[in-house]
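Here's the structure, in structure tokens; my notes come after.
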Ligand SMILES: Nc1nc2c(ncn2[C@@H]2O[C@H](COP(=O)(O)OP(=O)(O)OP(=O)(O)O)[C@@H](O)[C@H]2O)c(=O)[nH]1
Ligand SMILES: [Mg+2]
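Numbering (the UniProt record's numbering), first residue to last: 1 to 430.
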């Protein structure tokens, strides 16, 4: 199932024409059709497809049967004959019927934006969890599109489609897919339980968590690598990272925190994929601090920032302490940096390749993570409260004054709110 739709072997490499339909209110990669198509080119190349040409149609309404107009289908056919295309990739989501009609009329492999993204994820998934999540997303995408025959299904193969006695092939296919989906969900539940336990253990250990989030290709993995010397995959491609990677990070004070790199976001990230990757993305919800990494040089910068903010909101991870990291500033020569109006939020303008900038980033992370320093006067016989102080903060100093223990504690505000309120009555009055 998880195999890609594409042959990356040069002789067999898919050669594609990209097709975009511009209608009011249609979902695509960007509100600007030009930029959306540019992003589709990057997606196609990331999937290992050679892009031959692209075509755009402006139309009031989507054609139910062909998606694009009938005339445009003819034009696509002529173009494909001339250029020797094997595939047409649409910038918007197609229905199962539209895919089949186009496949038959054009004798081309028909892919839409969602499927392309799913395919890239399938090529990239390495961990067991990632692989299961991608397959789940692929099957959820496929299920409502299954009707009649079509090349799509045979291509996805993997045991699906064996004919049961007395049943139509379609019904058998559907049943197999549903069974497989439910098996995968069970396995995933187990993985999620394991991950939650692991996370809880980490939280109990008191080590603070910092998460790198951002649009795909913003430079998150590069930052993880530069900051922690981690051997991670960095590539000028979309979705280079799928599985979260965590590394210890030492702050200037010598304190260690955990830095986690996550999957990049993209406009209209297929819904099935967000659902399937929820468990992975929930790492972000647990973070004490979020570094929102931005490709300052991207033409789609503002849109990318809102896409990330929206997904964070969907995950329930908005409102977390965040540093807006405007990365790749070295590529913005001549730019007036007008964009730096992240009103009120902590912002850092930097390049992942500049040592001083990395140092500034570390300092900012440290400042943001370190809470207030407070002093508590705790009765010496209240071992429970003393232990609590050690659990909720860093005890910098402990002094005995008769039967009172004076504790100077550096508190993380969030931890203090959740666990430390019992100490508040003993706080030194200033
Ligand atoms: N010029 C420049 N390039 C950078 C900088 N940071 C990252 N890059 C490049 O940007 C590309 C993408 O970097 P990655 O670190 O893989 O990006 P990512 O955010 O992890 O991307 P995904 O894993 O796909 O979500 C690579 O070619 C990096 O070398 C920077 O500050 N300046
Ligand atoms: Mg990455």
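Every residue gets a Cβ at the ideal spot worked out from N, C-alpha and C, and that includes glycine. Keep in mind it's a predicted model, so treat the numbers as computed, not measured.
Residue i CB to nearest heavy atom of ligand 3 below 7 Å
{"i": "residue 130", "result": "With respect to ligand 3, the structure shown offers nothing to examine, as its ligands consist of ligand 1 and ligand 2."}
Spatial neighbours of residue i in its chain, beta-carbon cut-off 6 Å, leaving aside the 5 residues before and after
{"i": "residue 230", "result": "224 and 247"}
{"i": "residue 57", "result": "21, 68 and 72"}
{"i": "residue 120", "result": "46, 47 and 239"}
{"i": "residue 208", "result": "257, 288 and 369"}
{"i": "residue 351", "result": "329, 330 and 357"}
{"i": "residue 237", "result": "46"}
{"i": "residue 421", "result": "none"}
{"i": "residue 134", "result": "121, 122 and 125"}
Sequence-distant residues of its chain with Cβ nearer than 7 Å to residue i (five each side left out)
{"i": "residue 166", "result": "Only weak support is given to the placement of residue 166: the predicted model assigns it a pLDDT of 42, under 50, and the question is left unresolved by the model."}
{"i": "residue 353", "result": "330"}
{"i": "residue 285", "result": "315, 316 and 317"}
{"i": "residue 44", "result": "16, 18, 51, 89 and 116"}
{"i": "residue 23", "result": "59, 60, 61 and 62"}
{"i": "residue 253", "result": "366"}
{"i": "residue 163", "result": "Because the pLDDT at residue 163 is just 36, under 50, the model does not fix this residue reliably, and the point stays unresolved."}
Near ligand 1: residue i beta-carbon under 7 Å from a heavy atom
{"i": "residue 277", "result": "no"}
{"i": "residue 235", "result": "yes"}
{"i": "residue 40", "result": "no"}
{"i": "residue 48", "result": "no"}
{"i": "residue 328", "result": "yes"}
{"i": "residue 216", "result": "yes"}
{"i": "residue 102", "result": "no"}
{"i": "residue 331", "result": "yes"}
{"i": "residue 230", "result": "no"}
{"i": "residue 349", "result": "no"}
{"i": "residue 352", "result": "yes"}
{"i": "residue 239", "result": "yes"}
{"i": "residue 293", "result": "yes"}
Cutoff 8 Å; reference residue i; Cβ partners in own chain excluding five residues on either side
{"i": "residue 396", "result": "373, 408, 409 and 410"}
{"i": "residue 83", "result": "15, 17, 52 and 53"}
{"i": "residue 144", "result": "96"}
heavy atom of ligand 2 below 7 Å from residue i C-beta
{"i": "residue 221", "result": "yes"}
{"i": "residue 261", "result": "yes"}
{"i": "residue 431", "result": "For residue 431 there is no data in the structure shown, the boundaries of the chain being 1 and 430."}
Nearest-angstrom beta carbon gap, residue j and residue i [assumed within contact, 8 Å]
{"i": "residue 66", "j": "residue 102", "result": "6 Å"}
{"i": "residue 216", "j": "residue 265", "result": "7 Å"}
{"i": "residue 129", "j": "residue 191", "result": "5 Å"}
{"i": "residue 308", "j": "residue 393", "result": "Their Cβ separation, rounded to whole angstroms, is 31 Å, which puts residue 308 and residue 393 out of contact at 8 Å."}
{"i": "residue 388", "j": "residue 426", "result": "Contact flag wrong, Cβ pair sits at about 10 Å."}
{"i": "residue 80", "j": "residue 106", "result": "6 Å"}
{"i": "residue 136", "j": "residue 110", "result": "Not quite, the Cβ-Cβ distance comes to about 23 Å (not below 8 Å), so this is no contact."}
Nearest candidate by alpha-carbon position, reference residue i, set the options
{"i": "residue 274", "options": "74, 124 and 138", "result": "138"}
{"i": "residue 288", "options": "366, 234 and 34", "result": "366"}
{"i": "residue 260", "options": "181, 228, 299 and 129", "result": "228"}
{"i": "residue 86", "options": "74, 108, 93 and 402", "result": "108"}
{"i": "residue 269", "options": "239, 47 and 429", "result": "239"}
{"i": "residue 232", "options": "389, 263, 132 and 210", "result": "263"}
{"i": "residue 183", "options": "132, 13 and 217", "result": "132"}
{"i": "residue 346", "options": "360, 355 and 244", "result": "360"}
{"i": "residue 112", "options": "105, 99, 123 and 104", "result": "99"}
{"i": "residue 124", "options": "362, 301 and 235", "result": "235"}
{"i": "residue 251", "options": "64, 363, 77 and 75", "result": "363"}
{"i": "residue 31", "options": "304, 401 and 134", "result": "304"}
Quiz item: Counting Cβ pairs closer than 8 Å, one from the stretch 400 to 412 and one from the stretch 365 to 380, do we hit at least three?
Solution: yes
Practice problem: Count the C-beta pairs between the stretch 182 to 193 and the stretch 288 to 301 that are closer than 8 Å, then say yes if the count reaches three, no if not. | Solution: no
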